[in-house]
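Below is one structure, written out as structure tokens; the observations come after it.
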Amino acid sequence: MRPEEQRAFDGPSYDDPAYEGPGHIDLNDPEDVRYWSARLEATPEELQEAVQKVGPNRTAVGLYLGEVGGNL
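Quick note on numbering: the sequence shown equals residues 2 to 73 in our numbering.
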């Protein structure tokens, strides 16, 4: 590809404030909360607290819950 050519990209933009990436936990989605609560052996309240502390990244939440609760 030549430098003057632009690439077409139809995916989400990292500049979009609503974009959280594919690895996030959506506390507004009941299915997501149920899944990740079960997967991380945490209550929905513990999951919410973890997301508030470290953000919605599922790896960070898992690490936080493992350190705090010893579940991982």
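Backbone N, C-alpha and C fix where the C-beta goes; we use that ideal spot for every residue, glycine too.
Because the structure is a prediction, the values reported are computed rather than measured.
- In this model, residue 38 and residue 48 are separated by some 6 Å (Cα to Cα).
- Rounded to the nearest angstrom, the Cβ distance from residue 41 to residue 69 is 11 Å, too far for a contact under 8 Å.
- The alpha-carbon separation between residue 51 and residue 34 amounts to approximately 12 Å.
- Straight-line spacing of the CA atoms in residue 25 and residue 58 works out to 4 Å.
- The beta carbon of residue 28 lies closer than 7 Å to those of 34, 49, 52 in the same chain, with the five residues before and after it left out.
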